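Reviewing the structure listed below.
Residue numbers (the numbering used here), protein chains in the order written: chain A, 1 to 362; chain B, 1001 to 1348.
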């Protein structure tokens, strides 16, 4: 080995005198020379990781004439072999140091700001353990799905449920009730709000409200559990029923006024309008005012255009009047920004852009 | 809040760790010794100032203590570890842990500032989170990374090159294959279910497909009218099919065509999952094809007698499901129905 140190001092201690292929002996030797426990952990975990990295099989290179069946089978075998070794490695680490640990997870914790935000409420010593435990179970779940070719039977799902229960049990042992609940809610928040594209623009909502909203959302769609367990898809009817029940609960949480604000915030047109006014230092109240007026006018135009008690001429006139009044209102509220508005966020208000004479077609 | 994929972050921890694992792939002890002989990072790291030159007078083993290695000066700590023969990758992990300790207080300060605001930040959205929270942590991460680079250099990835060269040598076992592999057409076998060409068949069919692709390109660039192009293109496809049939022979060609069919591929996936033979997959597919054919006939009659069409359609659906259940077995049928059975709903 090339000496990379400038040290040329006489040495009576060499690393080889404490290093041992027997990890328990290695740990004992390190303890004997006063190596701190955390450093022992880092050394041993790194060594175990090196050991298993060398054991990890390489995937067979597919030949160009290999078909999908063979490629999939090879890929599956490869993933399963790696997963089995990974489980073995994690078990060994746990046995040696007494808890789950993963140096890569530790690195992620220090480098990834979103993980830091998500898990930063936990005491630091628990963060990497949570990540390591989760990774272990997720890896086992993935291997199970891979082995099933991602075609899950009831037995597979039962096994996944057992794994999931194991994960929850381990997390319960590690975390306090508050920590566990907070972790579950934060994970749900990230998954649910993104998956459902939930927006809060113009809603009077506070942190505690959102936390409650997220708690309620778990009954509608428990994101992490569903990702892990891959349950059978609900029928369309069941999905609609669940959504109605969820919205009723949200209504109960927020109250009618804020629930209406919540519904409004889910409209891309409203968000564009709000963004447009904010960019021009126009009050958000103006955006809300325009939005409500246009929505109301749009409804009235629809009614007028389809009114059976009016003649064609009367319908056309009623629609034109409503349209003109609304345009005037919007122009007055936006002032100089009105022209820009017509070319920008007004796109969603179809009647402001509609060609004359087409109202009847609605 | 949009696009804050925390769930993905957590769900992908396993994946990320596995990727990180791949990058961290380390050699065996023997390989490690060989690797250290070729490693360069030490040369890239500035030498410590003269007054920091470590002079380690180790006391005999029995009284040796870790404190004789440890130093607040990380360069000194690193060099002492190297001097006693600590493996380079272990040196790295020990020093990185020390670096993390240095940043702990600043990091915790930011955490303490932002954590109580988590739910408020979540309302404000990702852009706000990144702006307010991410930037402060990112600056610490960058400093940390710079310190790691300065003290330890880049982490080497010893096995990746070997993997790449292995792939290259496998893929170019035959010089002429190199040319074939440049075309997307060479991938035709990778999508097939059940049927696998021999090496010679693959080469012959790939050449035919590449020739056809080139003829199609020439046609696209030609001055022919759209209708002429369409007719010629159809002719090219028909010629290709005929030539492939000639290369494979009628039996193999029929298997090849079936293996290309998406509906058959879904059935094959399920039969493979349950260890059922290829003939079961083909039989189930024949039932599917027959049902779809009946459906087409029914659609043609739909204008005439809607109520009788619905009755017949429901009967076909029932019979098809029964037949598939009989051929596949109830468990494989349940799986097929869940994952690929939506077409059967259209029969009802």
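All C-beta atoms, glycine included, are put in the ideal place defined by N, C-alpha and C.
None of these values were measured; they are calculated from a predicted model.
Residue 228 of chain A lies in the alpha helix (DSSP H); which residues open and close that run?
-> Where residue 228 of chain A is concerned, the enclosing alpha helix (DSSP H) stretches over 223-229.
Are the beta-carbon atoms of residue 1194 of chain B and residue 1268 of chain B separated by less than 8 Å?
-> Result yes, Cβ atoms of residue 1194 of chain B and residue 1268 of chain B sit closer than 8 Å.
Straight-line gap, residue 1171 of chain B to residue 62 of chain A (C-alpha atoms, nearest Å) | Its pLDDT being 46, under 50, residue 1171 of chain B is placed unreliably by the model, and nothing is read from it.
State the DSSP-derived secondary structure class of residue 1339 of chain B, mapped to helix, strand or coil.
-> Helix.
If we count the other Cβ atoms within 10 Å of its Cβ and call it buried at 16 or more, is residue 42 of chain A buried or exposed?
-> That one is buried.
Whether residue 151 of chain A touches residue 1270 of chain B by CB criterion (8 Å) = The beta carbons of residue 151 of chain A and residue 1270 of chain B sit closer together than 8 Å.
Taking residue 210 of chain A and residue 1119 of chain B to be in contact with their CB atoms under 8 Å, please state how far apart those CB atoms are, rounded to whole angstroms.
-> Beta-carbon to beta-carbon, residue 210 of chain A and residue 1119 of chain B are separated by about 5 Å, close enough to satisfy the 8 Å threshold.
Would you mind telling me which residues of chain B sit closer than 9 Å to residue 167 of chain A, beta carbon to beta carbon, in chain order?
-> Chain-ordered listing is empty here: chain B has no CB closer than 9 Å to the CB of residue 167 of chain A, the nearest sitting near 11 Å.
Segment limits, alpha helix (DSSP H) that includes residue 109 of chain A | Looking at the DSSP string, the run of the alpha helix (DSSP H) that includes residue 109 of chain A is 103-111.
From residue 297 of chain A to residue 322 of chain A, what distance separates their C-alpha atoms?
-> Roughly 7 Å separates the two Cα atoms.
Determine, using beta carbons only, whether residue 33 of chain A comes closer than 8 Å to chain E.
-> The chain inventory of the structure shown lacks chain E, comprising the protein chains A and B.
In the stretch 1240-1277 of chain B, which residue ranges form an unbroken alpha helix (DSSP H) of at least 4 residues, counting only runs that do not cross its ends?
-> The DSSP assignment places 1250-1260 and 1262-1273 as complete runs of the alpha helix (DSSP H) inside the stretch 1240-1277 of chain B, in order along the chain (cut-off: 4 residues).
Can you list, in chain order, the stretches of the alpha helix (DSSP H) that have 4 or more residues and sit fully within the stretch 1065-1124 of chain B?
-> Taking 4 residues as the minimum length, the alpha helix (DSSP H) runs contained wholly in the stretch 1065-1124 of chain B are 1074-1083, 1088-1114 and 1118-1124, in order along the chain.
Backbone secondary structure at residue 1133 of chain B - three-state DSSP = Secondary structure at residue 1133 of chain B: helix, using DSSP grouped into helix, strand and coil.
Compute the distance between the beta-carbons of residue 76 of chain A and residue 182 of chain A, then report whether it is under 8 Å.
-> Result no, Cβ atoms of residue 76 of chain A and residue 182 of chain A do not sit closer than 8 Å.
Should residue 1184 of chain B be flagged as near chain A, meaning a C-beta pair shorter than 8 Å?
-> So, not an interface residue.
Pick from B:1261, B:1295, B:1297 and B:1293: whose alpha carbon is nearest that of residue 1281 of chain B?
-> Residue B:1261 holds the alpha-carbon nearest to the alpha-carbon of residue 1281 of chain B among B:1261, B:1295, B:1297 and B:1293.
Span of the alpha helix (DSSP H) around residue 251 of chain A | Start and end: 236-265.
Beta-carbon contacts of residue 1148 of chain B that lie in its chain and below 7 Å, excluding the five residues immediately before and after | Counting only Cβ-Cβ distances below 7 Å, and skipping sequence neighbours, we find 1096 and 1099.
Determine, using beta carbons only, whether residue 163 of chain A and residue 137 of chain A come nearer to each other than 8 Å.
-> A contact, by the Cβ cut-off of 8 Å.
Are at least three pairs of beta-carbons, each pair with one atom in the stretch 1176-1190 of chain B and one in the stretch 56-70 of chain A, less than 8 Å apart?
-> Yes, the stretch 1176-1190 of chain B is in contact with the stretch 56-70 of chain A.
Using 8 Å as the limit for Cβ to Cβ distance, is residue 1198 of chain B near chain A?
-> Residue contact check for residue 1198 of chain B against chain A: a CB pair falls below 8 Å.
Residue 268 of chain A and residue 1141 of chain B closer than 8 Å at C-beta | A distance of 8 Å or more separates the beta carbons of residue 268 of chain A and residue 1141 of chain B.
Assuming residue 187 of chain A contacts residue 262 of chain A under a Cβ cut-off of 8 Å, what Cβ separation, rounded to an integer in Å, is found between them?
-> Separation of the CB atoms of residue 187 of chain A and residue 262 of chain A is rounded to 22 Å, and the pair is thereby denied contact status at 8 Å.
Do you know whose CA, among B:1082, B:1290 and B:1114, lies nearest residue 1136 of chain B's CA?
-> If we check each option's Cα against that of residue 1136 of chain B, B:1114 comes out closest.
Interfacial residues, the stretch 1129-1140 of chain B to chain A, with Cβ spacing under 7 Å = Identification of residues in the stretch 1129-1140 of chain B having a C-beta nearer than 7 Å to some C-beta of chain A yields 1129, 1133, 1134, 1137 and 1138, given in sequence order.
For residue 1033 of chain B, does the three-state DSSP call read helix, strand or coil?
-> With a pLDDT of 37 at residue 1033 of chain B, under the threshold of 50, the modelled position of that residue is not reliable, and no figure is offered here.
Assigned exposure category for residue 1112 of chain B - 16 Cβ within 10 Å defines buried | Exposed, because fewer than 16 other Cβ atoms sit within 10 Å of the Cβ of residue 1112 of chain B.
Does residue 283 of chain A get closer than 8 Å to chain B when you measure Cβ to Cβ?
-> Cβ-Cβ to chain B under 8 Å: no for residue 283 of chain A.
Below 8 Å on the Cβ atoms is my guess for residue 1253 of chain B versus residue 1259 of chain B; work out the distance and round it to an integer in Å.
-> Their Cβ separation, rounded to whole angstroms, is 11 Å, which puts residue 1253 of chain B and residue 1259 of chain B out of contact at 8 Å.
Taking residue 28 of chain A as part of the alpha helix (DSSP H), name the residues at either end of that continuous run.
-> Its alpha helix (DSSP H) spans residues 23-32.
For residue 1285 of chain B, does the three-state DSSP call read helix, strand or coil?
-> In this structure, residue 1285 of chain B counts as helix in the three-state DSSP scheme.
Is there contact between the stretch 1231-1245 of chain B and the stretch 103-110 of chain A, where contact requires at least three CB pairs shorter than 8 Å?
-> The answer is no - the stretch 103-110 of chain A does not touch the stretch 1231-1245 of chain B, with fewer than three Cβ pairs under 8 Å.
Limits of the alpha helix (DSSP H) - the one that residue 190 of chain A falls within = From DSSP, the alpha helix (DSSP H) with residue 190 of chain A extends over 177-195.
Counting pairs of Cβ atoms below 8 Å between the stretch 277-288 of chain A and the stretch 213-224 of chain A, do you hit three or more?
-> A contact between stretches requires three or more CB pairs, one per stretch, nearer than 8 Å, and the stretch 277-288 of chain A fails this requirement with the stretch 213-224 of chain A.
Alpha carbon to alpha carbon, how far is residue 1088 of chain B from residue 1026 of chain B? Give it in angstroms, no decimals.
-> Residue placement at residue 1026 of chain B is poorly supported in this model, since its pLDDT is 28, which falls under 50; the coordinates are not used for a value here.
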